Structure formats: structure tokens, C-alpha cells
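Number of protein chains: 2
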Amino acid sequence: MASPPTGTRPDEVRRHNRAALLRRLHVDGPCTRAALATELGLNRSTIKTLVDGLAEADLVVERIPSQRHGAGRPSLLVVPRPKAAMVLAVDVGVEQLTVAAVGIGGAVLGRRRWGLVRGEVRPADVVQRVAWARRELAAELGGEPTAVGVSVPGTARRSDGRVHEAPNLHWADVPLGDLLTAALRLPVQVGNDADLGALAEHTRGAARDAADAVFVTADVGVGGGVISGGASLRGTAGSAGELGHMVVRPDGRQCYCGCRGCWETEVGEDAVREALGLPPDAGRPAILAELRDMADEPERAARRLAGVLDWLALGLANVVNVLAPELVLLGGLLAALPPRLIDQVGAVVRRRSMVARASGELRVVAATLGAEAALIGAAELAFEPVLAAL
Amino acid sequence: MASPPTGTRPDEVRRHNRAALLRRLHVDGPCTRAALATELGLNRSTIKTLVDGLAEADLVVERIPSQRHGAGRPSLLVVPRPKAAMVLAVDVGVEQLTVAAVGIGGAVLGRRRWGLVRGEVRPADVVQRVAWARRELAAELGGEPTAVGVSVPGTARRSDGRVHEAPNLHWADVPLGDLLTAALRLPVQVGNDADLGALAEHTRGAARDAADAVFVTADVGVGGGVISGGASLRGTAGSAGELGHMVVRPDGRQCYCGCRGCWETEVGEDAVREALGLPPDAGRPAILAELRDMADEPERAARRLAGVLDWLALGLANVVNVLAPELVLLGGLLAALPPRLIDQVGAVVRRRSMVARASGELRVVAATLGAEAALIGAAELAFEPVLAAL
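If you read the sequences in order, they're chains B and H. Sequence positions in the first sequence follow the working numbering and run 650 to 1039. Sequence positions in the second sequence follow the working numbering and run 650 to 1039.
In C-alpha cells, the structure reads:
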């Protein structure tokens, strides 16, 4: 059915409104009662009852705003208490593991980080370190997290956090969600790093005001995350958005996934390194330094990166024709492209994509959260059910 | 923000529940009060109040079910009255125009149809015929439609029904929504034919039980419609799903859209005609006859259609990697492929697509509503706001 018809019981209304209010404070920060009433479309007495309830539960405090507008009694500012609900955010990268405690409002209250040897990351080690970090952070902050969000560079099943393929970790079919749940005795959700990057940029980054946005990030692999109609596009088993394995060049390079000419093989780290004429062992810092050096010579950069830019534009035009975003965010290595080249790619996509021509509304820009995106997204993934249940 | 926090006022609850109940009856047909209570998760007294209200407004009637289960007093069957709310569904095809009056429950209560000369369809003629059909059907049925849904073979802007490009009609930038609104003095919504086909298959066809489905249809062009998380994927300006202009073969045939090797040029009517060795002037009936003749010789068919099937599978694997549907429906010419070939294409896609391998859940099948899909979808487009406001 086009929209599943389910009824609403009156007792659900208060819970819904309480969650909406908390979510508003979590995403956009402190707010006066008056502004909350306007933004949520509720009357002031309803807001008062809700805020009183949240204050009683120690989730918010109220204070007189420092800046007063107009005459009369000032509307009290409702401020969430970061430590009132904490989650653990875990970013399993190819070369590092980060664990952070994140509070209501999105502040990182503490973190631990480890360097990893590429290709030698064992799930058991990850679990052990996360468990250790959780104990350390709980002691440091004087409070326990209530849920865990995990980012992995691979396909993860939403229902149970099973990692199906994470090629750059050399993981296949790893029950990461179950392992972490057993070790931490907390609800655990696992998501793809690019999906969570998209969620982060949508919640706290460059895509805040975009209802339809696509986040494309190139690191070792190329990943994508899609925001559609204001929410994460999930697809069956939560596995949508594997943009890196869209075939753009059927006679292109062989990809580990079995296809030839995946977007990942044509615009990922290897392709960029090769286009720049760097040796095969040149690491990420060397590539980034080379891109930075070319920022003032966009024409030379465009010549050297011509192939990569062509396949980037072709793939983006495909993505735009399928998903019709108003905004495309480039992350990872792609965010480091000289700004003039990003603009040029955007112009090509606007010209080539029938959908962009029809809507007249497409921007292609660099993402803003950088390497933190997946971690911030992991925290938001964990917070979604937490905020709804507080 | 990931999910826009808006509050709910208690008076919205009753309206929401009334709309949910009506929608349930519209989509799935007559139902006992007891089953409605279970399905909608509402108690029986709430259901009684809602049904009494609908009966008072003459939208439903109640009757004793003919088949009785168990002992005791039978639960009354709630039956929607088709003529209590009618919409006008319009399908502007490349070679014919269809106008139908559709009642609650989806029954076509009456229709008018005209043949059109390909490439010589003028917007003013369409508007005139729709206005004429509306008068005729209203007289015939003894009731007026309250809203209009229109399907066009092109990109249409959701907000005002402006048709941006409908290449096979030779239309560009036609304010069809405004023209029809002015002529009919009714709310008009315009959608892309493939998007509406997807909506129809999801509401009343093969994708009824699929929360994530993709409908790909090949006629003169190739179009796509996407159901994601149980609802139509719209994108900015409602223009998502232009799957036909995904480039699958960068060195392929020139497409009118400006790109080379669009999916449409590789698997559309022209490509199928050419693969079958039919002359350029062979029409749709000749192509369909040839496909039908080969149904019992799948190996010969596979050889003759090899190129088309390869590009079909490559494009579908891309679509599956991006959108992660559980179901792909092939419509139009593609639904006429020999069933064995559709199965083979499905097997290739399941093997090639990383997302299909991860989810383990992808079926590729022929659509079931045939040439009626766009018309049925246009009716559903019109019904959405009507049912919510009755």
C-alpha cells in the first residue's frame, strides 16, 4: 500500500510530542518556550507541560536567556543537559578506530582512538577496544551510555548489524552487531560509513536544509548515502546507496565486486593517485598534499585529473537522474579537489542531467564535516530510538 | 534535520484515523469492523465512532457479511461507496489519450479514449478532450469528480504540473497543470507515467507487499518509478526516477537528452526492434508479436536479444546497488520478454549486484497491470489528498 494506514491512539500523541521537542533541542540546540511553540505548532500550555516533564526527568534545564528581545517577561530558554543521555559512537575505519561518548545536543564528551594496520583489523579486537573505551569513558564522565551506533566501511544489515562485505577491512559476514551487543549489553546499531556520513551532514552539516541530498565520499573505496524527503534512504535490509558499485565504464578497471568499471575503480583513491602520477605506495597524505598544491592552478589540475573528473561527472549525472537531489556533497578525497574543479563538475552535471535541467535546482559542493562525518552519523543513528523513548 | 520534529494536536488524531480507515477501505476493499480495529491498532469503540461518521457522510455503507465465521453476533462489513468520491484519471500517451472516472476502491466507473498521431499531440487538444470527457462522464455517472490526476510521458514538476520535457510528445515546458486547472476548475496533479506506474503496481499490482520496489518500463522511451520505504520516491520537484537517462554505455547510441548510451537508447523500443532484425517502421504490435513467438524458444531469443539483455542487466544492477529494492518490476515492452529471459536477467543481477548479494532478497518479475498502470496511478495520485480530506 502506498502509505500504510495505521491509527493513532491519543496516548501516543503526548509521547510523539515529547520526542519531537527533545529532537528539536538535540538537533538545533537551546530554544525559548515561545519559539518551540511556534516551531512545533503546539500551544504554549502544551509546551509548558512537556518542558516541565522533561525538566522533572532532568533532561533539560530552563534559564533566563542572556539576550532579551522586546519588553515583558522573557520566555525561558530550554537547554538540553548533554550528559542526561549519552550514546557511544564507534567509527571502524580502515586505518583507525574511534570511540566517542556523545551527549544530547551532539557534543563529543570524550573519545578514544587507535591506529590500525590496514587489512589486519580483527572483529574481536574491535569489540575488546570498544568495551574498554566504554568503561574508561563512563568513569571519566560519570555516566553510562544507553545505546551504541557503529560505522563500518561496508554493507551492514540494519536488523542485526551483520556486516556482509567490508572489503577494505577484509571482513565478510561478520556478526558485529551481535558481538558488540553481547560484550556491551547495550542496544547496538551498525550502519555503512557513507550512509552515516549523509545522516551527519543532514543533521549537523552542509545538508541541514536539504530534503533531498546525496553524499558521495571517496576514500579507499567510494561510498554513498542518500537523504530522500528528509530521511535516510534505506532500501531492503538498509543496504541502499552503494553508489561506488554503479558501473560507469563497462570496459573499465576490474573491481573486487566482480564487475568492471565500477565508479569506485574510476574515481577512488587508486584512480586519483594514478591520474596524479604518484607511485603506487603513495599514501593518503601524499595525495592530499598534491591536490592542495594544485588548488591555485585549476587548469593544470583539470588536465591531470581529466579522466577522474569525467567519470565523476558521468556518475553524478546518473545519480541525479535517479534520485533528483537538490544537493550533492562530495566527501573524503573528493572534498579535497580544488574548489574550481568541483564547480566545473557541478556545471557539467547540471548540463548533462535531464533531471537537474528539469528541476533547475542542483548544487554540487564539498562536504563540511570531514573525517568526523561517520562518527557523528553513528551517534545520530544511536540517538534516534533513544530520543524517541526518553 | 533527519526527521522534522513537528508536534501533533489532539484534534489531528481523529482526522488522521478517519483518513487511515478510508485509505484502508480504498486500497484493500470491504472489511469488518473487528478486522479494521485489529489492522489499524485502534479499539472497537474508536472504530465504531469513525465508521458511524463515514456512514453519516454517505462514504460507506455497512452490511452483514455473507460468510459468517464462528458463533455470536457477526461483525458488520464496512463497504466503501465507489461514487461517494470520484476522481478523474488522465493518461496522456504517445499514441492515445485516456480519461477515466475512478471511484473509491479504485473501480473504473467510466472512460473515454482517443487515438493520437505520434508527435502531433497539442496540449490545447488534450485539455479540450479532458474537459469534454469530464462533462460526459459526470452526466453518465450522475456525479462530479473532485480532483484530477494526470500521467505524462515526461518530467513533470509536482508543485504546479508543469511538464518540463516530454520528448515523445514533442512537448517542452508546457504548463499542463495550470491549463487543466483553468479548464476544469478542479485541483490537478501531474506525474510522470513511470512514477505513476510504480504507484499503481504498489497500490494494486505486483508490488503491493514490497516496501522497496523499482518499476522499469520500456515503451518508446524507458522510464522508472521508485517506491522506497512504502512511499513514492519523489526527489526535488518530484522529478526522481529518470532511470532511462542513466548512462550505461558511455560509447553507445546518441540520446536526444544530449548524452550517449543512456539506458533508454540501449534497451528501449528502437534497440529491441533492431536486435530482433525488424525494419525501422515496424510498430509496437509487430515487436510484441515477435517476442510472443519466441516465448517457447528462450535460447534463440536470448541469442537475438543478447545485447539488450546485457545492458538491461547492467542497468538493473546499478539501480539495485543505488536503491536496494526487494522487487524489480519490468513493464511495457520489457514485460513482454519471454519469462525465461526475465528469470535469466534476474539471476545475472542477483550475482552482479553487491547490494542484492548482501540483502539476499531481490526478485525481478514482469509487472501485472499492463497498459493500465499509468491510468491507475494517475487515479491514486488524485485520491491521496482527497481521501485525507473527506
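Backbone N, C-alpha and C define an ideal beta-carbon position, used for all residues, glycine too. Since the model is a prediction, treat every value here as computed from it, not as a measurement.
Per DSSP, residue i is paired with what?
i	result
T681/H	L726/H
R761/B	V748/B
V799/H	V739/H, V839/H
I876/B	A862/B, S881/B
T804/H	E814/H
E705/H	Per DSSP, none; premise fails for E705/H.
R1012/B	L976/B
A821/H	E814/H
Is the CB-CB distance between residue i and residue j below 7 Å?
i	j	result
P987/H	A950/H	yes
A849/H	I1025/H	yes
L982/B	A831/B	no
G879/H	G890/H	no
G872/H	A1023/H	no
R807/H	G887/H	yes
G810/B	V839/B	yes
P1078/B	V709/B	Since the first and last residues shown for chain B are 650 and 1039, residue 1078/B lies out of range.
A787/H	A1027/H	no
G759/B	E789/B	yes
V968/H	V1004/H	no
V921/B	C911/B	no
G623/H	E915/H	There is simply no residue 623/H to check, as chain H begins at 650 and stops at 1039 in what is shown.
V957/B	A931/B	no
A1031/B	A984/B	no
V676/H	T852/H	yes
G656/B	N841/H	no
G884/H	L972/B	yes
L828/B	V776/B	yes
V741/H	V801/H	yes
E795/B	V1035/B	First, the amino acid is wrong: residue 795/B is Thr here, not Glu. The answer is yes: Cβ separation under 7 Å.
A862/B	L1011/B	no
T698/H	A1007/B	no
V700/H	P772/H	no
So for residue i, helix, strand or coil by DSSP?
i	result
A651/H	A caution first: A651/H carries a pLDDT of 39, below 50, which makes its placement in the model unreliable, though a value can still be read off. Note: A651/H maps to coil in three-state DSSP.
P816/H	helix
N692/B	coil
L978/B	strand
S772/B	Here the sequence assigns Pro to residue 772/B, which means Ser is not the residue at that position. Looking at P772/B - three-state DSSP - the assignment turns out to be helix.
H665/B	helix
E793/B	coil
D844/H	helix
T657/B	coil
T1017/B	coil
T900/H	This sequence places Asp at residue 900/H; Thr is not what is there. Coil.
E850/B	helix
R712/B	strand
R766/H	The residue you asked about is not Arg; residue 766/H is Val in the sequence shown. Coil at V766/H, not helix or strand.
V998/H	helix
D868/B	coil
A855/B	coil
A1022/B	helix
A1038/B	helix
D1083/B	This structure leaves residue 1083/B out entirely; chain B is present only between 650 and 1039.
E1033/H	helix
A889/B	coil
L833/B	helix
D992/B	helix
V1005/H	The sequence given here places Ala at residue 1005/H; Val does not occur at that position. Three-state result, A1005/H: helix.
P731/H	helix
L986/H	coil
A782/H	helix
A788/H	helix
A756/H	coil
Whose Cβ in chain D lies nearer than 7 Å to the Cβ of residue i?
i	result
R898/B	No chain D is part of this structure, whose protein chains are labelled B and H.
Sequence ranges, alpha helix (DSSP H) only - wholly within the segment 909-968 of chain B, length at least 4:
912-916, 918-924, 933-942, 947-953
Just checking, does the segment 823-841 of chain B make contact with the segment 682-690 of chain H on the three C-beta pairs under 8 Å criterion?
no
Is the segment 987-1002 of chain B close to the segment 723-743 of chain B, with three or more CB pairs under 8 Å?
no
Count the C-beta pairs between the segment 738-748 of chain H and the segment 760-772 of chain H that are closer than 8 Å, then say yes if the count reaches three, no if not.
yes
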